[in-house]
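These notes concern the structure reproduced below.
2 protein chains.
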Amino acid sequence: MPKETFIKLKEEKQKQIREAFLREFAIKTYDEASISMVVKQLGIAKGSVYQYFEDKLDLFMYLVNESVAVKSKYTAVLKRENYPDFWAYFSDLYEYGFQFDQENPLNSHFLHNLTQNLNSPSIKHFYNELLSQVITGFEKLAEYEVENGLFRSDVPVKTLGFFLYKLGSSIQEQLEISGIINPKESIQKGLPVYFGKKDELMQVVADYIKLAKPAFNKN
Amino acid sequence: MPKETFIKLKEEKQKQIREAFLREFAIKTYDEASISMVVKQLGIAKGSVYQYFEDKLDLFMYLVNESVAVKSKYTAVLKRENYPDFWAYFSDLYEYGFQFDQENPLNSHFLHNLTQNLNSPSIKHFYNELLSQVITGFEKLAEYEVENGLFRSDVPVKTLGFFLYKLGSSIQEQLEISGIINPKESIQKGLPVYFGKKDELMQVVADYIKLAKPAFNKN
DNA sequence: CGAAAGTGTGACCGGGTAGTCATTTTTATT
DNA sequence: AATAAAAATGACTACCCGGTCACACTTTCG
Chain A
5 MPKETFIKLK
15 EEKQKQIREA
25 FLREFAIKTY
35 DEASISMVVK
45 QLGIAKGSVY
55 QYFEDKLDLF
65 MYLVNESVAV
75 KSKYTAVLKR
85 ENYPDFWAYF
95 SDLYEYGFQF
105 DQENPLNSHF
115 LHNLTQNLNS
125 PSIKHFYNEL
135 LSQVITGFEK
145 LAEYEVENGL
155 FRSDVPVKTL
165 GFFLYKLGSS
175 IQEQLEISGI
185 INPKESIQKG
195 LPVYFGKKDE
205 LMQVVADYIK
215 LAKPAFNKN
Chain B
5 MPKETFIKLK
15 EEKQKQIREA
25 FLREFAIKTY
35 DEASISMVVK
45 QLGIAKGSVY
55 QYFEDKLDLF
65 MYLVNESVAV
75 KSKYTAVLKR
85 ENYPDFWAYF
95 SDLYEYGFQF
105 DQENPLNSHF
115 LHNLTQNLNS
125 PSIKHFYNEL
135 LSQVITGFEK
145 LAEYEVENGL
155 FRSDVPVKTL
165 GFFLYKLGSS
175 IQEQLEISGI
185 INPKESIQKG
195 LPVYFGKKDE
205 LMQVVADYIK
215 LAKPAFNKN
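Those sequence lines, one after another, are chains A and B. Heads up: the first sequence begins at 5 in the numbering used here, then just goes up one per residue. Heads up: the second sequence begins at 5 in the numbering used here, then just goes up one per residue.
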């Protein structure tokens, strides 16, 4: 939570500051990200940052919360009940995630990098909390399917949930490793993560669904 | 590759140095790992390290090569041809990996941490090379099964290979997240990663195989 | 034994960081 | 316009790091 000083700032300046730091944290680890560098880019004094935020972690958490909130606005409208099976729902989450990416490239890049941020000791604790929330979310999804008799019940729900989470991160990672997306480059060019790659993204999603379906579904 | 000076050292001293650095790199990122701290622990001068190795990266690569070589001695004896199906082979890889872990805890911890080392910019390039080798290895495994008609052929081999790789890392990660193993704690106590947890390890392996089998197998 | 070669040393260098705070500048209020 | 309050500033502190190198110590060998 930023200090009052930050909230009182003109929206335009808030945005500039927010975006400069999103950009930094999107290409660097928490520990590697340098406040000194960002303020140089922004043309403001380092002291100002500490007038706006308690410390580096406070600034970082603000960005996490803000980005998660923005993304939620896109995905929260989707309801599992409106889909015949889990996989149609799952696929649509990517469809709407793509929309989020197009319209909020910096937040998207930031969240994208967050996923790969496991390390950085000063933040590990906080990161693990976030991660376990995410995983619990996936476990809930799996549990719902099991209860409705759509997912198999001969494997622990925890395993189903975790593997589902892994399925999601695999899609992202494979796109990156295979060179279809290149976040570092995109952010430099000011482009979204998946710019012009919607077909490729949805194709990989479809491949993974085709692959994973028999693992999760009953029979 | 260490300098001659290091090779000429008494085996006992080599071991002390190797193990002190394995321990450091097993709990820290490459960039966070501090040579200054390790030499303090070892009671030798920092200059000595630079008499033994070109620089930090040279030292690190030596440890990687050494650890990979040690682990290979355990897993390379296993041949796919000796198993009725892929999953029996896959399971045995963990069985022998467990053996490696028990007998070479520090190397095991080091390799374990390496997997989660994605970040650290000074090493990213090198890490990506290693990773793509590993993934190519998994793709080869998948390709072999596809050719022999045991794995499905309606999904790209790349996807099969990558997901297989993810299957492996998921097992490790879930054990850690669920608290069954705690590398940071184990290394402090001087214990192997999977100390006393063989049954739990093999149970998770079995769960994941049960889960993944229908995803990969034909029909 | 004595000299040369090899090995060990740690103060030091240049570079980086997050965070502080006395001071100045800007803004709001009277 | 004068005063008070709020905000911006940047030099500074305290702390890291990897890597160097002139020097000291040990070993080798003629």
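Where a beta carbon is used, it is the ideal one built from N, C-alpha and C, also for glycine.
Of the listed residues the options, nearest to residue i (C-alpha basis)
{"i": "residue 210 (chain B)", "options": "B:221, B:94, B:166", "result": "B:94"}
{"i": "residue 164 (chain A)", "options": "A:53, A:179, A:181, A:139", "result": "A:139"}
{"i": "residue 195 (chain B)", "options": "B:62, B:104, B:12", "result": "B:104"}
{"i": "residue 213 (chain A)", "options": "A:192, A:49, A:181, A:167", "result": "A:167"}
{"i": "residue 159 (chain A)", "options": "B:20, B:136, B:170, B:218", "result": "B:218"}
{"i": "residue 99 (chain A)", "options": "A:82, A:146, A:59", "result": "A:82"}
{"i": "residue 96 (chain A)", "options": "A:38, A:185, A:172, A:115", "result": "A:172"}
{"i": "residue 26 (chain A)", "options": "A:108, A:15, A:51, A:86", "result": "A:108"}
{"i": "residue 150 (chain B)", "options": "B:177, B:220, B:208, B:121", "result": "B:220"}
{"i": "residue 126 (chain B)", "options": "A:36, A:112, A:16, A:7", "result": "A:36"}
{"i": "residue 61 (chain B)", "options": "B:34, B:49, B:84", "result": "B:34"}
{"i": "residue 198 (chain A)", "options": "A:175, A:215, A:47", "result": "A:175"}
{"i": "residue 12 (chain B)", "options": "B:106, B:184, B:31, B:55", "result": "B:55"}
{"i": "residue 205 (chain A)", "options": "A:184, A:189, A:43", "result": "A:184"}
{"i": "residue 110 (chain B)", "options": "B:75, B:136, B:157", "result": "B:75"}
{"i": "residue 63 (chain B)", "options": "B:136, B:178, B:21, B:128", "result": "B:21"}
{"i": "residue 161 (chain B)", "options": "B:59, B:135, B:144", "result": "B:144"}
{"i": "residue 89 (chain A)", "options": "A:17, A:153, A:181, A:16", "result": "A:153"}
Beta-carbon neighbours of residue i, restricted to chain A and to distances below 8 angstroms
{"i": "residue 159 (chain B)", "result": "211, 214, 215"}
{"i": "residue 163 (chain B)", "result": "178, 208, 211, 212, 215"}
Contact list for residue i against chain A, beta-carbon separation under 9 angstroms
{"i": "residue 181 (chain B)", "result": "132, 135, 136, 139, 166"}
{"i": "residue 36 (chain B)", "result": "35, 123, 124, 125"}
Short Cβ contact (8 angstroms threshold) for residue i with residue j
{"i": "residue 29 (chain B)", "j": "residue 117 (chain B)", "result": "yes"}
{"i": "residue 102 (chain B)", "j": "residue 193 (chain B)", "result": "no"}
{"i": "residue 19 (chain B)", "j": "residue 57 (chain B)", "result": "no"}
{"i": "residue 114 (chain B)", "j": "residue 71 (chain B)", "result": "yes"}
{"i": "residue 222 (chain A)", "j": "residue 142 (chain A)", "result": "no"}
{"i": "residue 84 (chain A)", "j": "residue 148 (chain A)", "result": "yes"}
{"i": "residue 24 (chain B)", "j": "residue 53 (chain B)", "result": "no"}
{"i": "residue 31 (chain A)", "j": "residue 191 (chain A)", "result": "yes"}
Sheet register partners of residue i (DSSP bridge)
{"i": "residue 221 (chain A)", "result": "A:155"}
Under 9 angstroms by beta carbon: chain B residues contacting residue i
{"i": "residue 14 (chain A)", "result": "Chain B residues near residue 14 (chain A): none, gap ~35 angstroms exceeds 9 angstroms."}
Within chain B, partners of residue i - CB distance below 7 angstroms
{"i": "residue 219 (chain A)", "result": "215, 216, 218, 219"}
{"i": "residue 170 (chain A)", "result": "170, 174"}
Checklist entry - Can you give, in chain order, each stretch of the alpha helix (DSSP H) that sits fully within the region 109-190 of chain A and has at least 4 residues? => result If one requires a minimum length of 4 residues, the alpha helix (DSSP H) runs lying completely within the region 109-190 of chain A are 109-119, 125-151, 161-181, in chain order.
Checklist entry - Considering only residues of the region 39-92 of chain A, which uninterrupted alpha helix (DSSP H) runs meet the minimum length of 4 residues and lie entirely inside it, listed in chain order? => result Runs found: 39-46, 50-56, 60-79.
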